Each structure stands twice: as C-alpha cells, then as structure tokens.
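Colleague:
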Ligand code: TEU
C-alpha cells in the first residue's frame, strides 16, 4: 500500500561504536573510525545504521549511563564528527537511528546531581527517592524500601548518606531511574528528542522503554535458584509494562513525532513484552512505536539460573515462538527480527556451529531470520559470522553485568570458578563486544594500539578482507539476503506459514503474497536430514542457497546437507 512506511522494507545495521573501528590508536572505537568503514556498510547494502550510545558518559555501562544527552563523549569524538558521519551515511542513502536511553540517566547527569543535593531540591522528584523500609534503620543491611535485585546484581536501591534516603536503579547504581510520573521529566526528554530530530537523524532505538512506567512496590518474589538475582526479589513483573506506558508513549508521539511519523524509524527495546503488548505498542493506529525488540526467542536456551546457565536449544520451541510473533503481528503492528545485539552471545556460537560448519551454519541462520516478515537487524560482525570470545580467564572480561554477577556468585559460594567461567563463556555480553575483525593483521585492523577488550585470535581466518574476496563467504551471503528483501515484495509482505512444527531438526516455512510463494527449508544439524515438506517442489526455482552447488529440490521430499538452507519459488 502507498502508506506503507519505508522501514518495512529496510535492513538495519547496529554499530557498537566502542568495538567498531578505532581511528586514534587509544584502543577504543570512535566516530572517525566509523568514517573509515562507511563503504563496508554501503557494500553490504543496509538501509539504516543504529548507533549504540555515543553521548557523554562516565562509561559505567559502556555509554548506557548518560551524563549529557546533547553532546558526544570525547572518547568517541565531537558533535561535529557525528554530523560528518551522518552526512557520509546519508550520502550513501543510509539513514541514522540514535539510541535513546531515558529510563535512567548517569548519576553524574546534572539532573541527578541536583536531585540528590537535598530533599527539597526542585529536581528531587525527577528520580525515585524513598525512605528505608518501615521499622528499619536507613542504611542497615535489608533496610531497602523493597527487596528487589538489580539486572546487574545487588539491590536496586542505593542508600544516599546525605539525605538518608534511597534511590531506585534497576541497572547499576550509576544508572538512577528517572521518574516519568513527573511531567517536567517527560518534557525535558521530549525537548531533547526534538533537538536530535532537528539535527537530521532518522529515528530512535529506545532502551528498555517498557520500564518507564512502573510501580515502586511491593516486594518481589524470591527467585530460588536464579543465581543472577541472588538473595533478592524479582522486580521484573512489577516494574515492566507499567500502568501508564501507553499513555506516556502516545504523549511522546504527539509531542515529538507528529507531522514526521512516516519518516522515522522508532523501535522500542521491551524485555518481557508479550504479543498482546507488542500489538498495542506497534499498531500504527495507536501512535506509539513502529516496532519492538521482543526477548522471547533469546530466552529459549536459558536454564533456570538465566543467561549464565545455557542449555541446548529445542528447535521446536524456537519455531513456535517465532511463528507466534509472526501471526500475532500479521494484521496490526510490525516485527523486528534479530539474532544478535551488543547484549547477546554470537548466534553462530549459540544456535549454530562455530567450528567445522561455521560458514554453513552462519549463512543458514541468516537465511532463516531474513526470510521472516519484519525488519531485520544485523549486529556488527554478524555479517562476518564472528564467534563468541571464548575467553579463558576472568581477567579478559569487561562487562559490568558479567563482573558483578561473578562477584555476587562468589559471595554466595555455590559455584566453582570453572562453572562461573563456563557461564561467562556461554552467556556474557562481552561475547558480542570483541572488536570487529576487519583483516588478518595483529589487532584485526581495529586499532594500532591496545584494544580495550581482546581481539578474537580467530580474526586471522575470520575477517572482512578475506570474506570480500570470497563469493561464498558469510558477508556475501548477507549481501544477497539484504538485496533479496529489497527486490522481492513477497519477502517484505508475504504471509508466514510454519511447516513441520514438530520436526526437531528442520526449520521450514512458506511466505505467500498473491500467487507468489517462497518455500524456505533449513537444517539446524551437522548431519544431513530428509523431510517431507508436503509441497510439491517439482519445477521449483532456486532463489537462494548457502552451498556453492545449492539446487532446487525436485519433489516434496527434501534432503538438506549439514546446516544447509534453501529458498525456492514454488
Ligand atoms: O538492555 C536491557 C536488558 O534488559 C538486557 O538486555 C540487559 O542488558 C541485561 O543484560 C539482561 O540480562 C539495555 C541495553 O541494551 C543494555 O546494554 C544496557 O546495559 C541496559 O539496557 C541498561 O541501559
């Protein structure tokens, strides 16, 4: 339809600036580094770049703790550098989406500095201040207003000596939560957002946006066995998808986006959102968001103790989850599609095989994701089939969530160091944060200095330079997937129907638009599999495969080699 927004046909590339490209040899990626690599993005063919935060920040959580929303951190460059990057991308037809982190600020943001300065400061109410639990002495162990555990271990309440009260921080204690109940807070955020749009950016990725409306009590359930939470209660259900979420987003929409909605890509990060929530958040008639990042499929390989307790994926559950979201947002709303971001382990190490069949499994996984209906996101390095870090010592890790988890687990003392290290190797966010592997040189072309986190030694064989020269590489396969979405309306709009829901090894589905039909079949195992798709493929035309000699199957009975994926028109 003529009113269909452009981003329903787009592919987004996420840049985590700290690990993308360093230009000045200090070992940390920066904006002038991005300028050196814009042609990589243009060659890949992506339509949008989303930048993880480059704002002024003490870097307690790598920039997700912001002390000035309207400036660039000197670590990454200047506002003028950012303008140059935006211009260079725009010149290549690539739009720019900025990360918007407004559930919390840094504790060094002037708003919070004022807020904590005295109990009667005009900005006191911009954050969540609470007295100690009734009958308890403020500052004593267990006197926090509620028993909640933070996403980054420890309590969600920090005691402030100066005023004898506690402030809420769902993430680190250097990330105090903003109080969205206060209209001045909302106005300040909307003003800042308009300032960015006026500078010429094309949208926002909204960090944990479904946490902005929340209750501040009661106690959470004690999660037995959930070691990442430790002795604390679960704040999740109480602080997520709060009562005023939709009201706030609609207010934001009218205050900031009215008149330019169609031009902007607005994606909300929403841990814990259900399909029902997803529909409300993304139905265009409701004036909230364009799409959201759901987390359901990212939790399927989590054991009882969470992300540091990884179990094998049951493919049937993945297929069921993905197809429920496909169906749920078919008529109203829109899906985003992702396997990776800066918070998740690498997909080839997670659902694929990062050894013998790395190329095959990475291209298979890309094929499955990109053939769904929705807007695909490619996280830097995913297009190269980069793998988990496989660090062998605790000293290699940098991520605050990982480090604080280890510290807390050690005080509980229920896991050995070997078990803890295994947990990080499987689940740490640092798996996705090692520098992008550009070439085979000592620091992978990322920096001339010492990188802030170690480069994966496998960059000698896995790198962009080598893959550009190899038509069968993961890079060229991702190029083909992106081009396919641009060229084929059926990839963009076609209805999704899952085939063989009970098959434990093969992921198969159709996409249908009018009398056009694509059939996709993919093998999630390192051995051949034969299945009956129940669709006669006689005379079918191969659209895309991930083996050099891929061919269209001749009948409904399809044999797929290890990690093989085929897309046919039938
Ligand atoms: O992440 C929010 C989130 O819920 C998780 O993905 C989280 O990172 C955590 O690891 C759960 O185990 C967003 C950002 O993407 C993340 O990088 C930030 O640390 C976080 O918000 C706080 O801003």
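In full-length UniProt numbering, the protein residues as written are 8 to 577.
By construction, the Cβ of each residue, glycine as well, lies at the ideal position given by its N, Cα and C atoms.
From a predicted model like this one, the values you see are computed outputs, not experimental measurements.
1. Taking only heavy atoms of the ligand TEU into account, decide whether any of them is closer than 7 Å to the Cβ of residue 108.
2. Can you give me the start and stop residues for the beta strand (DSSP E) that residue 298 sits inside?
3. Whole angstroms is fine: what's the gap from residue 145's alpha carbon to residue 221's?
4. Tell me whether residue 7 counts as near the ligand TEU, meaning its Cβ is closer than 7 Å to at least one heavy atom of that ligand.
5. Work out the CA separation of residue 503 and residue 518 for me, nearest whole Å.
6. Which ranges does the beta strand (DSSP E) cover as unbroken runs of at least 3 residues, wholly within the stretch 93-171, from first to last along the chain?
7. Mind checking which residues open and close the beta strand (DSSP E) that includes residue 57?
8. So, using beta-carbon positions, are residue 122 and residue 64 closer together than 8 Å?
9. How should residue 26 be labelled, buried or exposed, when 16 other C-beta atoms within 10 angstroms of its C-beta is the threshold for buried?
10. Is it buried or exposed for residue 415, if we count other Cβ within 10 angstroms and need 16 for buried?
11. Does at least one heavy atom of the ligand TEU sit under 7 Å from the Cβ of residue 278?
12. Can you tell me the Cα-Cα spacing of residue 387 and residue 262, whole angstroms?
13. Cutting at 6 Å between CB atoms, please list the residues of its own chain near residue 497, excluding the five before and the five after it.
14. Using only CA atoms, which one of 181, 357 and 201 lies nearest to residue 158?
15. Of all the options 37, 54, 356 and 29, which has the alpha carbon lying nearest to the alpha carbon of residue 15?
16. Which same chain residues, not among the five before or five after residue 413, have their C-beta less than 6 Å away from its C-beta?
17. What first and last residue would you give for the beta strand (DSSP E) that runs through residue 566?
18. Closer than 7 Å: is that where the CB of residue 404 sits relative to any heavy atom of the ligand TEU?
19. Looking only at C-alpha atoms, which of 451, 471, 441 and 363 sits nearest to residue 391?
20. Kindly identify the DSSP beta-bridge partner or partners of residue 213.
21. Buried or exposed for residue 337, please, with buried defined as at least 16 other CB atoms from any protein chain shown within 10 angstroms of its CB.
22. On the DSSP bridge list, what partners appear for residue 281?
23. By DSSP's criteria, residue 548 is part of a beta bridge. Which residues make up the other side?
24. At a cut-off of 7 Å, is residue 347 close to the ligand TEU when judged by its beta-carbon and the heavy atoms of the ligand?
25. Among 560, 569 and 547, which has the Cα closest to the Cα of residue 536?
26. Can you confirm whether the stretch 161-178 touches the stretch 128-143 when touching is taken to mean that 3 or more C-beta pairs between the two stretches lie within less than 8 Å?
27. Counting only the same chain and skipping the five closest in sequence on each side, list residues whose C-beta sits under 6 Å from that of residue 459.
28. At a cut-off of 7 Å, is residue 215 close to the ligand TEU when judged by its beta-carbon and the heavy atoms of the ligand?
29. Could you have a look at residue 287 and say whether DSSP puts it in helix, strand or coil?
30. The beta strand (DSSP E) with residue 440 in it runs from where to where?
31. Just to confirm, are residue 280 and residue 217 a CB contact at a threshold of 8 Å?
32. Please name the residue in 441, 21 and 577 whose C-alpha comes closest to that of residue 212.
33. Determine which residues share a DSSP beta bridge with residue 528 and list them.
34. Thinking C-beta only, is residue 571 closer than 8 Å to residue 544?
35. Is residue 492 closer than 8 Å to residue 304 when the C-beta atoms are compared?
36. Looking at the unbroken alpha helix (DSSP H) that takes in residue 40, where does it start and where does it end?
Modeller: The short version:
1. Residue 108: yes, Cβ under 7 Å from the ligand TEU.
2. Counting along the chain, residue 298 sits inside the beta strand (DSSP E) bounded by residues 298-300.
3. Spanning the alpha carbons of residue 145 and residue 221 requires a straight line of approximately 23 Å.
4. This structure does not reach residue 7, given that the chain is present from 8 up to 577, and the question cannot be answered.
5. Distance between the alpha carbons of residue 518 and residue 503 is about 5 Å.
6. Here the runs fully enclosed are 102-107 and 164-167.
7. Note, residue 57: beta strand (DSSP E), 55-58.
8. Not closer than 8 Å, so no.
9. By the neighbour-count rule (16 or more Cβ atoms within 10 Å), residue 26 is buried.
10. Residue burial annotation: residue 415 is buried, with at least 16 other C-beta atoms found within 10 angstroms of its C-beta.
11. Residue 278: yes, Cβ under 7 Å from the ligand TEU.
12. Counting only the Cα atoms, residue 262 lies some 33 Å from residue 387.
13. Around residue 497: 518, 520, 523 and 525.
14. Sorting 181, 357 and 201 by C-alpha distance to the C-alpha of residue 158 places 181 at the top.
15. When only C-alpha atoms are compared, the closest one is 54.
16. Only 427 meet the Cβ criterion.
17. For residue 566, the uninterrupted beta strand (DSSP E) run begins and ends at 564-567, by DSSP.
18. False, no ligand heavy atom lies under 7 Å from that Cβ.
19. 471 is the residue among 451, 471, 441 and 363 whose C-alpha sits nearest the C-alpha of residue 391.
20. Note: residue 213 sits in a beta bridge opposite 107 and 275.
21. Counting other Cβ atoms within 10 Å of its Cβ, residue 337 stays below 16 and is therefore classed as exposed.
22. Paired residues: none, contrary to the question.
23. Paired residue(s): 576.
24. When distances are taken from the beta-carbon of residue 347 to the heavy atoms of the ligand TEU, even the shortest one reaches 7 Å or more.
25. For residue 536, the nearest C-alpha among the options comes from 569.
26. The answer is yes - the stretch 161-178 touches the stretch 128-143, with three or more Cβ pairs under 8 Å.
27. Here the set comprises 34 and 35.
28. Yes - the ligand TEU has a heavy atom lying nearer than 7 Å to the Cβ of residue 215.
29. Helix at residue 287.
30. Under the DSSP assignment, residue 440 falls outside any beta strand (DSSP E); it carries neither an H nor an E label.
31. Their beta carbons are under 8 Å apart, which means residue 280 touches residue 217 by this criterion.
32. That would be 21, whose Cα lies nearest to the Cα of residue 212.
33. The secondary-structure analysis by DSSP pairs residue 528 across a beta bridge with 515 and 573.
34. No, the pair does not count as a contact, with Cβ atoms beyond the cut-off.
35. Judged by beta-carbon spacing, residue 492 lies beyond the 8 Å limit of residue 304, meaning their Cβ atoms are not closer than that value.
36. 38-43 is the extent of the alpha helix (DSSP H) around residue 40.
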